[in-house]
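Please read the structure below before turning to the comments.
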Amino acid sequence: MKTTFSADAPANVVTHEARGKVLLVTIDHPPVNALSADVRRGLLAAVEAAEKDSAVEAVLLIGAGRNFIAGADIREFGKPPVPPMLPDVCHRIEACTKPVIAAIHGAALGGGLEVALAAHYRIAVEGAKLGLPEVQLGLLPGAGGTQRTPRLIGAQAALDLILSGRHASAKEALALGLIDRLGSSDDILAEGLAYAHELLAAQAPVRRTREAAALSDRAASLAAVNAARAETEKKSRGLFSPLKIVDAVQAAIEQPFEEGIKLERALFLQCIDSPQRAGLVHAFFAEREVLKAPETRTARPRAIESIGVVGGGTMGAGIAVAALDAGLPVTMIERDDASLARGRAHIEKVYDGLIAKGRMSADNKAARMARWTGSTSYDALAQADLVIEAVFEDIAVKQAVFAELDRVCKAGAVLATNTSYLDIDAIAASISRPADVIGLHFFSPANIMKLLEVVVPKQVSADVVATAFELAKMLRKTPVRAGVCDGFIGNRILAVYRSAADAMMEDGASPYQIDAAVRAFGFPMGPFQVVDLAGGDIGWAARKRRAPTRDPRARYVQIADRLCERGWFGQKTGRGFYLYEPGSRSGKPDPEVEAIIDAERERAGVKPRSFTDDEIIRRYMAAMVNEGANVVHEGIALRPLDVDVTFLYGYGFPRYRGGPMKFADMVGLPTILADIREFAEEDALFWKPSPLLVELVERGADFASLNQTA
Ligand code: 3HC
Ligand code: NAI
């Protein structure tokens, strides 16, 4: 008989039925069997039922669908807790007087693995993913994971798993001792039942993980904790939960189980309350929401089996690598044989670097290069399903390339441009099939950076947009839908906060102080380090291009131009804002640059003043948020969360702050607006509050309230 626990639970999320002497307990809570309150209640009730039923001799826990249990229900975090709490459910499972077996397929993550660890025996099948990824959400395992895992697999292995948050395969889990048995087929139900019956036949006892003995070498365990603490202090700059994890694992070694659990709980609640948890959980959902652009719901993607790339420079080569890595054949077009050879060499250089680091075999490189063909004739693109243009940033050059694509490509081929700033509507309008034209804005290095801005021109057809999202999936990129404007989402906002940084520099802050403040906020690099890395000439060209249309009243800081005029383009020329020793990529402050800045201040009639790091960040972030609001207001970004994901994946924004718009919500929009109005007293043209920001403040609303509307 199948019993469901629906008396006080609306959904039949946990069912149980007798299979011989085994009570089969199935968690069926789509999409991923997260441990929401109904599931916790259901699990508790199932254990009670097993205890009461004398015909039941063992309990088998299994997940319906593609996973065992993906973890706690992340949507419940930050809301008032609903009993029973997961640690209590785990205790009850562990305390069961009849053997409880967890049969794991798909994800057993976070609380899901903690449930399995509370069971007495564990079997998993190929394809299972076991892990404690709480750290990635600013948390620590809060249902016994920090106490049971080290007791079961030792301090070192537990610390590695919990601090990295990585997923272990079933095979590795077996080697670690996290599971007892690897199933030989992928039929999780059959495997689980067979294992349960085998345990019963062998009269296997109840075996509680809290009593496991992997911490018996206390000195070695404490040494692992000390090493992990030193490493974590060095590596997890600014993060709150990793050191708490180390503390909790230390308690597993030094304290009785119940005391360790108490500490774990207290630390878990501290993490739950931290702004980092809020930022990281926002990032988790935002990076999934961006995938749901309207066209992906209404249109079917076109098939993509081959790719063309026009241009084999920095971007073309990186895009080609990304496509080759995804298993796609790539045809590269260049201007002449020498450029084509350089394009191929760029690609090989990436692979040779991986081989040198031992991260790729020569065979793998050969297999990838076998998918690459090059040509100086566009005719070679006749059969390509999708072509990405990555030639010089010049509309005439690009329109000439698109005229060729229009001539040679088959009907239905998607024609994409990787332009950073140019008007894609104008490119589309210049050919006979504008509905096939789209922007695919990759970031440098294109084989590594995860962001892909999918820039949607006016005339494009919905299935082309859907195809771009599909391509992103194939290339393992995170796509964000953007509208056409100068710089789309990311570079448009970048231009504004760069201007804010330039203004602070001219007003008295050194570029080195600004970079340091921005790094302390959590970015890997400050804005002037980024200029030196990307090459100062790129921004210089863009500034020159914009000069004729620049508002003559707008403040224009010329310091960067003075450096470029000297040929100081950053790392590639050995000096930019910083001075680089030959072969070094980390620069030193340059007194000559400081002298140039002084001279520019004088020329501009600025009396330098000092800035605190806090003032720097207030201005930097206010500029970023204000332009982010404009971008949403104008429909360039669908929602604030699209701005957040753009910055998390393309601009090094610290993930634990959730993105600029989430940051603004956490600071409070009235505070940001008040800052902007204060700064506007010095420069009203630059610090013009975004109408959206003003409206939200007037309504008492926040950016999050706009995140549901795509
Ligand atoms: N809670 C709530 N919703 C969740 C969830 C969770 N733990 N995990 C996934 N989801 C949702 C996703 O938001 C998505 O919803 P949507 O369809 O509305 O966008 C849906 O489930 C499917 O998720 P994915 O698109 O990610 O599906 P995949 O098949 O690609 O991946 C997965 C599945 C590997 C399980 C992946 O979703 C994942 O990694 N989930 C998070 C796992 C995790 O971090 N668990 C730890 C939670 S914290 C915890 O357990 C605390 C405990 O110690 C007390
Ligand atoms: P690049 O100068 O390194 O490469 C351009 C390549 O295009 C050269 O190899 C050149 O020989 C080739 N080319 C020029 N005209 C051609 C033609 N008519 N037919 C075939 N090949 C031609 O430039 P990069 O940096 O790769 O930029 C390319 C595009 O990508 C630009 O639109 C740029 O704005 C954009 N982009 C650049 C980023 C970067 O960080 N470098 C980031 C994102 C986009």
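In terms of my numbering, the sequence shown opens at residue 152 and continues consecutively.
In this text, a Cβ means the ideal position worked out from N, Cα and C, and glycines have one as well.
Using only the alpha-carbon positions, how far apart do residue i and residue j sit?
i           : j           : result
residue 580 : residue 538 : 17 Å
residue 269 : residue 244 : 6 Å
residue 238 : residue 294 : 4 Å
residue 824 : residue 776 : 10 Å
residue 673 : residue 481 : 37 Å
residue 492 : residue 712 : 33 Å
residue 160 : residue 257 : Confidence at residue 160 is low in this model, with a pLDDT of 45, below 50, so the placement of that residue should be treated as unreliable; the coordinate-derived value is given next. One C-alpha to the other measures close to 25 Å.
residue 716 : residue 540 : 30 Å
residue 649 : residue 542 : 25 Å
residue 511 : residue 761 : 50 Å
residue 751 : residue 849 : 40 Å
residue 355 : residue 250 : 8 Å
residue 170 : residue 325 : 26 Å
residue 352 : residue 626 : 49 Å
residue 796 : residue 429 : 15 Å
residue 323 : residue 341 : 22 Å
residue 259 : residue 687 : 47 Å
residue 596 : residue 844 : 34 Å
Which residue from the options puts its Cα closest to that of residue i?
i           : options               : result
residue 309 : 401, 255, 338 and 244 : 401
residue 231 : 163, 210 and 187      : 187
residue 445 : 633, 312, 592 and 391 : 633
residue 419 : 408, 426 and 392      : 392
residue 519 : 478, 505 and 503      : 478
residue 499 : 476, 779 and 235      : 476
residue 668 : 573, 766, 740 and 690 : 766
residue 399 : 298, 407, 311 and 443 : 298
residue 403 : 763, 376 and 267      : 376
residue 190 : 219, 203 and 718      : 219
residue 613 : 587, 592 and 594      : 587
residue 408 : 390, 389, 466 and 366 : 366
residue 584 : 615, 571 and 592      : 615
residue 703 : 222, 837 and 368      : 837
So what's residue i in DSSP terms, helix, strand or just coil?
i           : result
residue 469 : helix
residue 157 : Only weak support exists for where residue 157 lies, its pLDDT of 40 falling under 50; the coordinates are left without a value.
residue 819 : coil
residue 174 : strand
residue 320 : strand
residue 729 : strand
residue 152 : Reliability fails at residue 152, whose pLDDT of 42 lies under 50, so the model's placement of it is uncertain and the value that follows must be treated cautiously. The answer is coil: DSSP assigns residue 152 none of H, G, I, E or B.
residue 857 : helix
residue 231 : coil
residue 418 : helix
residue 632 : strand
residue 483 : strand
residue 763 : coil
residue 168 : strand
residue 694 : helix
Under DSSP, the alpha helix (DSSP H) around residue i begins and ends at which residues?
i           : result
residue 523 : Unbroken run through residue 523 is the beta strand (DSSP E), 523-526; no alpha helix (DSSP H).
residue 301 : 296-304
residue 385 : 369-386
residue 844 : 842-850
Provide the residue span of the beta strand (DSSP E) that contains residue i, from first to last.
i           : result
residue 604 : 602-607
residue 272 : 272-275
residue 213 : 209-214
residue 540 : 537-540
residue 360 : Here residue 360 belongs to no beta strand (DSSP E), and DSSP marks it neither H nor E.
residue 645 : Taken as a continuous stretch (DSSP letters only), residue 645 belongs to no beta strand (DSSP E), being part of the alpha helix (DSSP H) at 641-658.
residue 402 : First-last for residue 402: 392-405, but that is the alpha helix (DSSP H), not the beta strand (DSSP E).
residue 592 : 588-593
residue 459 : 458-461
residue 254 : 251-255
Beta carbon of residue i: closer than 7 Å to some heavy atom of the ligand GTP?
i           : result
residue 265 : Because the ligand GTP does not appear in the structure shown, any question about it cannot be addressed here, the ligands present being the ligand 3HC and the ligand NAI.
Measuring CB atoms only, is the region 268-284 touching the region 224-231, in the sense that at least three cross pairs come out at less than 8 Å? no
Decide if the region 450-461 is in contact with the region 807-815; the criterion is three or more beta carbon pairs, one per stretch, under 8 Å apart. no
On the three-pair Cβ rule with 8 Å, is the region 434-452 touching the region 330-347? no
Examine the Cβ distances between the region 164-184 and the region 194-205 and report whether three or more of them are shorter than 8 Å. Contact holds: three or more Cβ-Cβ distances are below 8 Å.
For the region 782-802 and the region 595-607, state whether three or more C-beta atom pairs, one from each stretch, are separated by less than 8 Å. yes
Three Cβ pairs or more, each shorter than 8 Å: is that satisfied between the region 448-457 and the region 634-647? no
Cβ contact (3+ pairs, closer than 8 Å) linking the region 676-692 and the region 721-738: yes
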